[in-house]
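Visitor:
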Amino acid sequence: MAQGALERPAARAGTPRRRLIPERLLSPLILAPSLIALFIFVYGFIGLTFWVSLSNWRTPKRDLSLIEPLWETYRRLFTTTRFQIDIRNTIVFTVFFLIGSVGVGLLLAIALDQSIPARGLIRNIFLFPYALSFVVTGVAWRWIFNPDSGITLLLDHLGINWLLGKVGLGPLHVDWLISPRILGDIPMPDAVKAQIGIPVAMIPVIIAAVWQLSGFAMAMYLAGLGTISHDIREAAALDGASLYRTYKDIVIPLLKPITISVMIILGHISLKIFDLVFAMSGKGPGFATDVPGIFVFEQTFGANKYNLGAAASIVMLALIAIVIVPYLARSLREVER
Amino acid sequence: MNASLTPVQARPSRRFGFRRVFLFLVLAVAILFYLMPMYVMVVSGLKDAADVSIDQMWNLPTSFTAGGFAEAWRQLSPNLAQSFLLVIPATIISSLIGAINGYLFSKWRFRGSEVLFALVLFGMFIPYQSILIPLIQFLDRIGLYGSLPGLIVVHVIYGIPITTLIFRNYFANIPYEIVEAARIDGAGLWQIFRQVMLPLSLPAFVVVGIFQFTNIWNEFLFGLTVITNPRQQPVTVALNNLSGSFSVSWNVVMAGAVIAALPTLVIYVLLGRFFIQGMLAGSMKG
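Heads up: the protein sequence lines correspond to chains A and B, in order. Under the working numbering, the first residue of the first sequence carries the number 1, and numbering increases by one thereafter. Under the working numbering, the first residue of the second sequence carries the number 1, and numbering increases by one thereafter.
1. Is S338(A) helix, strand or coil when you go by DSSP?
2. Can you look up L350(A) in the DSSP assignment and give me helix, strand or coil?
3. In whole angstroms, what separates the C-alpha of F222(B) from that of I152(B)?
4. Does any residue of chain B have a CB that is nearer than 8 Å to the CB of K272(A)?
5. Mapping the DSSP letters down to three states, classify S34(A) as helix, strand or coil.
6. Tell me whether L132(A) sits in a helix, a strand or coil according to DSSP, three-state version.
7. Kindly indicate if chain A contains any beta-carbon less than 8 Å away from that of W58(B).
8. Determine, using beta carbons only, whether V136(A) comes closer than 8 Å to chain B.
9. Taking 8 Å as the threshold (C-beta atoms), are T81(A) and K193(A) in contact?
10. So, is the C-beta of I252(A) closer than 8 Å to a C-beta in chain B?
11. Who are the neighbours of P28(A) on chain B, taking C-beta pairs under 7 Å?
12. Assuming G123(B) and R168(B) form a contact by the criterion Cβ under 8 Å, report the distance between their Cβ atoms to the nearest whole angstrom.
13. DSSP has L183(A) in a bridge; who is on the other side?
14. Should G309(A) and V296(A) be called a contact, given that it needs their Cβ atoms to be closer than 8 Å?
15. To the nearest angstrom, how far is it from the Cα of F145(A) to the Cα of P199(B)?
16. Per DSSP, L66(A) forms a beta bridge with which residues?
17. Where does H173(A) sit, in a helix, a strand or coil, going by DSSP?
18. For the region 245-265 of chain B, which residues have a beta carbon sitting closer than 7 Å to at least one beta carbon of chain A?
19. With distances taken Cα to Cα, identify the nearest neighbour of F274(B) among V21(B), F22(B), W73(B), V208(B).
20. Thinking C-alpha only, which one of F126(A), A217(A), G159(A), R88(A) is nearest M202(A)?
21. At what residues does the alpha helix (DSSP H) containing M38(B) begin and finish?
22. In chain B, which residues lie less than 8 Å from H157(A) when you measure between Cβ atoms?
23. What's the call for M188(A), buried or exposed, on a 16-neighbour Cβ count within 10 Å?
24. Taking DSSP as the reference, what is the three-state secondary structure of P78(B)?
25. Exposed or buried, what is I160(B) when buried is set at 16 or more other beta-carbons lying within 10 Å of its beta-carbon?
26. Less than 8 Å between the CB atoms is what I'm expecting for L317(A) and S130(B), so what's the real figure, rounded?
27. Is any beta-carbon of chain A found at less than 8 Å from that of E71(B)?
28. Identify each residue in the region 116-140 of chain A for which the Cβ-Cβ distance to at least one residue of chain B is less than 9 Å, and report them in chain order.
Here is the structure:
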């Protein structure tokens with residue numbers, strides 16, 4: 001775990017022998033075709049999308065002339081209520097999904113770090129959702145959060161609703177997925193037209209995402225726990241530290257680099273989340289579960305507003321770049337030092 | 001990596017105290033939570049149309065039938081075949097490219113190769129929405145839009161960063177002395193790859209192969225936008241269409257979800273160890 005992604009290979013190539021093509025040129029030459037293709041598909045296409053976002057193309061007919069004023073589409077994007085809602089939803093989703101996945105992942109990793117029977121099997125149970133498609137997850141959890149069935153019915157069966165009735169709270173009818181309610185209303189300047197709070201319909205989507213990806217966090221933490229030497233923990237135990245204190249003061253701080261990695265990987269997934277929401281709830285009542293990924297898809301392929309869709313996708317890219325570029329740059333610097 | 005997943009005990013537990021009970025309680029609740037959706041999918045899928053009423057959701061099926069599976073299979077099998085036709089070539093080609101690139105980036109570095117590598121890696125983090133419009137225009141121009149070969153090309157190219165990364169880290173752990181010895185024997189760059197590196201790289205191929213198979217099988221956005229004919233779309237897209245259609249009952253949708261999930265689940269069960277390695281390698285281990 002200590003090695004960065006760009007860790008330095010053992011040594012450098014020695015002096016090349018004389019050949020038809022000098023060997024030091026051979027390496028970039030062989031890399032060239034696949035990397036040129038990749039760079040066109042990544043950077044070239046991002047450039048073109050950016051151009052589209054500045055263009056007049058908002059009908060099925062392609063029009064790549066630049067719009068006047070140049071940033072008009074971006075201005076329109078940020079003043080659109082729906083896109084403001086999307087940004088709110090992305091932030092809410094990202095924050096709670098990260099807290100949930102990292103928290104549950106760490107808890108499960110620590111639980112599996114104890115001596116328990118069938119440890120491997122239990123670990124695999126926690127991890128298997130990671131092998132599934134977001135679409136499968138979305139379809140299954142949509143059924144589980146069906147308001148007339150699913151969780152509501154389970155609460156009835158388990159007698160929890162009966163219990164809630166007894167204490168005078170009334171049975172819980174879990175209709176969250178179809179609820180347009182927003183919890184809270186943080187005051188905002190007039191430019192913000194979206195109500196800033198937590199959309200109730202987002203809660204089931206967050207639970208489904210945590211179900212799918214907390215196992216990933218757990219596996220990362222388990223790999224990290226394996227690298228923390230036995231001796232450190234024994235020393236702590238000998239010093240009379242309780243299990244709780246050993247974890248809190250010694251183990252969890254040592255796992256900090258893993259926490260950062262997990263947050264970056266899961267954070268960038270949540271910033272571009274699309275499939276799960278698309279399959280589970282779509283844009284939701286009053287855009288309660290709408291996210292930029294769905295916005296881009298609908299503007300581009302539904303409404304033919306190519307410039308608006310492109311602008312929203314560039315905003316998505318920028319959000320992700322803020323998270324990823326420093327991460328890549330840090331790895332690169334570590335190599336060059 | 002596997003070794004690092006074995007337990008390291010903080011302290012052997014001496015008694016079945018409160019802590020032990022609490023631990024098992026946490027694990028039991030977690031196991032139920034993680035298995036619950038699987039239970040719902042399989043049990044709902046096994047119910048037949050008469051049995052699928054909404055207030056019976058958590059009950060076991062009352063009779064032993066194929067339930068929704070027959071209908072789900074009828075609807076999804078063409079797309080299942082498409083998914084296999086997509087995933088197998090795309091996985092093989094992107095793994096081979098990744099092996100060559102990873103070898104060069106680890107053992108034949110040149111001025112600027114690390115910066116180039118970082119630029120390659122960025123490609124695996126981008127939201128694919130941000131390249132979709134030019135991509136579709138380009139595929140249309142070269143006559144591959146709407147076709148399976150077009151989708152294969154897309155997955156091969158966007159698979160290059162992750163396959164290159166995993167192979168590069170794998171080859172970086174092979175001592176440079178092996179390359180040096182081969183060079184002294186007169187082997188060139190290409191010969192060293194074919195005769196020395198490739199035979200050593202079977203584990204990396206398994207890891208990358210499983211990882212790419214799972215990724216491409218589970219992918220949704222490209223399948224939805226690059227292929228327009230619903231009969232030819234991958235199974236994830238077909239499952240979403242099935243679930244969105246009001247004329248299809250829940251037992252069929254859940255059976256469909258099980259069918260769409262089965263190939264990657266089988267791989268996970270049979271080759272879980274390699275799957276975990278790929279997942280950890282793919283996460284770039286910061």
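We put the CB at the ideal spot given by N, CA and C, even for glycine.
Guide: If we stick to the structure as given:
1. Absent from the model: residue 338(A). The displayed extent of chain A is 1 to 337, so no value can be given.
2. Beyond the ends of chain A as shown, which are 1 and 337, falls residue 350(A); an answer cannot be given.
3. 10 Å
4. yes
5. helix
6. L132(A): coil per DSSP, three-state reduction.
7. yes
8. Using a Cβ-Cβ cut-off of 8 Å, V136(A) counts as an interface residue toward chain B, since at least one Cβ of chain B sits closer than that to its own.
9. yes
10. Chain B, which has no Cβ nearer than 8 Å to the Cβ of I252(A), makes this no.
11. F110
12. Actually they are not in contact, since the Cβ atoms of G123(B) and R168(B) sit about 14 Å apart, beyond 8 Å.
13. I198(A)
14. Annotated as proximal: G309(A) and V296(A), with beta-carbon spacing under 8 Å.
15. 50 Å
16. L66(A) is bridged to S55(A).
17. coil
18. W250, V253, M254, A257, A260, A261, T264, L265
19. V208(B)
20. Minimum Cα distance to M202(A) is reached at R88(A).
21. 18-46
22. W58
23. exposed
24. helix
25. buried
26. 4 Å
27. Not a single C-beta of chain A is nearer than 8 Å to the C-beta of E71(B).
28. Result list: I116, R119, G120, I122, R123, N124, I125, F126, L127, F128, P129, Y130, A131, L132, S133, F134, V135, V136, T137, G138, V139, A140.
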